[in-house]
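Below is one structure; the comments refer to it alone.
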Amino acid sequence: MAFFAISVAMLGMTVGAVWVYLRRERFESGSLSITLTNFALATAVAMPASVMVQFCLITITSLSLTTVVSWSLLLIFMAIPYAFSGVVVSLALTRSPFPTGQVYGVDLLGASFGCMGVILLLNLLDGPTAVIASGAVCGLSAIAFAASAPSEDRQRLESRSWWRRPIPITIALMVFAILNSMAPVGMRPILVKNNFETYALGVYEKWNSYSRIVASSPTLHFPDMWSVSPALSGNMRIMQAELNIDGAASTPMSHYDGTPDSISFLQYDLTSLAYRLPGIRKSAVIGVGGGRDLMTAHFFGVPDITGVELNPIFINLLTKNPFYKNFSNVTAVPNLKLHVDDARSWFASTNEKFDLVQMSMIDTWAATGAGAFSLSENGLYTLEGWHAFFGTLNDDGIFTVSRWYSPGNIDETGRMIGLATAILLDSGVKDARPQMFVASAGKIATLVVSKKPFTPEQLRILHQTVRSLGFDVVLAPDQPPQSPLLRAITESQDRASLDHVMDGTFLDLSVATDNRPFFFNQLRFLSIPRAAQRFFRKTLGVGVVLGNLTASAVLIMILFISILAVIATILVPLRDAARACPLPLAVAGSLYFSLIGMGFMLAEIALLQRFSIYLGHPIYSLSVCLFSLILASGLGSLTSDRLKLDSRGKLQTWAILVVAYLVAMGKILPIIFQHTTGQDRLVRIAISVAIIMPLGFLLGFAFPTGMRLVEAVDRQPTPWFWGINGATGVLASVLGVMFSMALGIHVTMLLSALCYLALIPAAFALLRMRQRIVSRVAVAEFEGELPRGV
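Here it is, written out as structure tokens:
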């Protein structure tokens, strides 16, 4: 939901600028240093206060009016700190004695380094404490503003009560951050992903830039399993701890005492099906979690086991934490190797070959249950990602994936089966079904894909295992699926016929790619009305479609709330500024600033989504992309003061360069990513920065250039254009997600390029108005009506 945070930030900053315009008499009459100090302090205090209020809100994802109200309140309280900071930035830009481009550039430079600093903060502190610490950083800016004040203003600030002075407030925030990080029951969320939080003293809790992990104390109970066989005795009891991930998803950690009996229950889980096949000597597990899949491989006698886990917290629990290390006893498994890395990168870089690669229920619960995660991209379930995993298999290797399954609508499994079919077709196979076996149990389906057709002995083992454990066969080489759609998918003989089968279905079962990496979203936008109709008629049922419908409804709701917020807080308050503007200037200026707002945000959203796959996690994409874009835009803004776009030729050249770069990125990025995905993350970050910064530098010219052109004609309507820029940016952050999900990230990038191409006529119109003003002034000076230099 990074797009929502970006949208709120832009809205709040723009509202702050609007506030300055509406109360300009008050702001112009007061001391600039004191005003900047006051609002910097307000930002510092509002940051933790805003988060505290957010923790008290119940932001559910049900389809109801209550959801609209709760999300509206969330938007309001999230925007408050940004509104205060928007006042600071607006005043600094409009009232400071320094050039606009210089102030704007310095502001962007600071913001860019903040984007990288958030990773450091989140890895050192928990989430709430990181926000408090960020408030303390804002307090430092208030101290700097106060120190730069004239002596008279400085004395006024020092004569205040201590709780209104910058230094005491900043120190108080620092102390608050320290205490909150140490206290077991400090500032904490009450409701997380529709689940109420319960805090117990002594329970392990750790935050990092990826997630928040809470480990429970071990208890004796029936094993937590994805799909338990009825053959397992109901009297089975084991010691088990739960590792909760971000309040919703979880992974179990079972006690292993060194004997097979302590983990024998794992053989009764459907996810272990592939380990029954003979000849598995070397296996790899994607997503270690609490170590269950590692122990499954160990139980079945695999002598060489590799685990790849993105989140270092899990690896630290299994290998370093004194209690959980001894409890899980994973380190006692011989020839076990653990790697902290994103799976795509690790498998693309390794030279190792495996007999079996397993990926069970990774990033799936949140996607289908809560729904909102289906709006997020996931590189583990794309064609390119599966090619990376499939490429590390031996000639007769096995790739096994477990996913949610709806017995009432088995077509939902079609996307996983379609992806497996595409992998096999790409490898030259004409008939994919002899190399696929799918079994189900309850709400879980396990896919077993072989690089070669299954042998009669392998099929005998798989069928015998399914029968003895009470599972069901969904499809097998000797048993076609009951669903006509799944049968058509597995009988496709080439990619064109496969794509044709999956086109036009109610569910979006198309092969997920890095261009459209939304594997978890199976609801087409054009199918939303039909799905909503079925929902209200109570014929939709539960499962993936309901979760996707909820996610789509939340996305549309956010767009609706954003439109209302933009109208109420930006467009309506600034209508007088628009009315005072000459019509030609209003049209050309509004078009110019709306296009750069829309174009910049569409490019930003597309980059965030594309680089999330490349860098392995959204937090890296968010930090690196925003750092690169904002830093380079700041440098571009600074450069625009010296290299002015003050002619048709310069404006046109600049716009064409932006368009060409955006179009080229869509073509070149897949090639670069294909050849560098296996590089170390720091190398990939450096490559990302090198790719994004030239674009950011070019985009940095747009806003200050437009402001200079407008101010040369009439300074009075500049707040309106500022507001229009912010308003379109807010809306584009939501629309960008919609475009990428429906049409692909590449199309979103092209739409951004189209915006910058379309602004050329508007820029030319502004330039003509400026030139007419300059000509009139020159004539007046020549005729003696104005003093020279006016």
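Just so it is clear: in the sequence shown, position 383 is 383 by the UniProt record's numbering, and no numbers are missing. Every residue gets a Cβ at the ideal spot worked out from N, C-alpha and C, and that includes glycine.
Residue from the options with nearest C-alpha to residue i
i: R772; options: C755, G726 and A712; result: A712
i: L622; options: I119, T94, V87 and P97; result: I119
i: N316; options: Y82, Y204 and M10; result: Y204
i: V658; options: I685, L759 and A578; result: L759
i: I605; options: V747, P584, R460 and A297; result: V747
i: V511; options: A588, T392, M601 and L380; result: L380
i: V710; options: S229, I167, I489 and A765; result: A765
i: Y268; options: I132, P230 and A5; result: P230
i: L602; options: R23, S733, V137 and S72; result: S733
i: V228; options: K353, A142, T446 and K430; result: T446
i: F3; options: A742, I691 and P618; result: P618
i: V175; options: T251, P48, V192 and S64; result: P48
i: D342; options: L273, Y620 and M225; result: Y620
i: V429; options: F437, L270, K451 and G418; result: K451
i: residue 791; options: I417, E197, I286 and P334; result: Any property of residue 791 remains undetermined from this structure, which presents the chain solely from 1 to 790.
i: I34; options: L393, D363, S141 and P223; result: S141
i: A753; options: T705, L695 and I444; result: L695
i: A348; options: T677, V683 and R681; result: T677
i: H255; options: S283, P761 and P218; result: P218
Counted within 10 angstroms of its Cβ, other Cβ atoms place residue i as buried (16 or more) or exposed
i: R433; result: buried
i: N46; result: Contrary to the premise, residue 46 reads as Ala rather than Asn in this sequence. A46 is buried by the Cβ-count criterion.
i: H500; result: exposed
i: F113; result: exposed
i: R610; result: buried
i: residue 815; result: Outside the modelled stretch of the chain, which goes from 1 to 790, sits residue 815, for which no answer is possible.
i: L475; result: buried
i: S7; result: buried
i: Q482; result: exposed
i: C581; result: buried
i: Q155; result: exposed
i: K320; result: exposed
i: S264; result: exposed
i: R281; result: exposed
i: S612; result: buried
i: L645; result: buried
i: N208; result: buried
i: L270; result: buried
i: L11; result: buried
i: S64; result: exposed
For residue i, the residue or residues it bridges with in DSSP
i: S250; result: N244
i: K337; result: T306
i: F437; result: V448
i: residue 818; result: Past the boundaries of the shown model lies residue 818; the chain is included only from 1 to 790, so the question cannot be answered.
i: R165; result: DSSP lists no partner for R165.
i: A215; result: Y204 and L243
i: D355; result: D355 pairs with nothing; no bridge assigned.
i: D269; result: V228
i: K282; result: D304
Limits of the unbroken alpha helix (DSSP H) element including residue i
i: N38; result: L32 to C56
i: R648; result: R648 to T676
i: Q464; result: P456 to L469
i: K443; result: K443 -> no alpha helix (DSSP H), and no H or E assigned at all.
Endpoints, the beta strand (DSSP E) within which residue i is located
i: S497; result: Looking at the DSSP string, S497 is not in any beta strand (DSSP E); the run it does join, the alpha helix (DSSP H), is R495 to M502.
i: W226; result: W226 -> no beta strand (DSSP E), and no H or E assigned at all.
i: S402; result: L393 to W404
i: S637; result: No beta strand (DSSP E) holds S637; the alpha helix (DSSP H) holding it covers P618 to R642.
i: L475; result: D472 to L475
i: V683; result: That residue, V683, is in no beta strand (DSSP E); its alpha helix (DSSP H) goes R681 to L699.
So does the segment 698-705 actually touch the segment 622-639, counting three or more Cβ pairs closer than 8 Å?
-> yes
Evaluate the contact criterion for the segment 140-154 versus the segment 179-197: three or more CB pairs, one atom per stretch, below 8 Å.
-> no
Within the chosen definition, does the segment 455-474 reach the segment 514-521 through at least 3 CB pairs nearer than 8 Å?
-> By the C-beta criterion, the segment 455-474 is judged not to be in contact with the segment 514-521, since fewer than 3 inter-stretch pairs fall below 8 Å.
With contact counted as at least three CB pairs below 8 Å, one residue from each stretch, are the segment 413-430 and the segment 477-492 in contact?
-> yes
So does the segment 652-668 actually touch the segment 151-162, counting three or more Cβ pairs closer than 8 Å?
-> No: fewer than three Cβ pairs fall under 8 Å.
Pairing CB atoms from the segment 136-145 with CB atoms from the segment 167-181, are three or more of them under 8 Å?
-> A contact between stretches requires three or more CB pairs, one per stretch, nearer than 8 Å, and the segment 136-145 meets this requirement with the segment 167-181.
Does the segment 115-130 touch the segment 23-43, meaning 3 or more C-beta pairs lie closer than 8 Å?
-> Cβ pair count under 8 Å is below three, so no.
Would the segment 239-249 and the segment 452-462 be scored as touching if the rule is three or more Cβ pairs under 8 Å?
-> no
Pair every Cβ in the segment 286-306 with every Cβ in the segment 348-361, then say whether three or more of these pairs are closer than 8 Å.
-> Contact annotation: the segment 286-306 touches the segment 348-361, with at least three C-beta pairs closer than 8 Å.
Do the segment 155-165 and the segment 60-79 touch if we need at least three Cβ pairs shorter than 8 Å?
-> no
Contact between the segment 207-217 and the segment 302-316: three or more CB pairs below 8 Å?
-> yes
Assess, as a yes-or-no matter, whether the segment 320-329 is touched by the segment 302-310 under the definition of 3 or more beta carbon pairs within less than 8 Å.
-> no
If you pair each beta-carbon of the segment 15-29 with each one of the segment 50-59, do three or more pairs fall below 8 Å?
-> no
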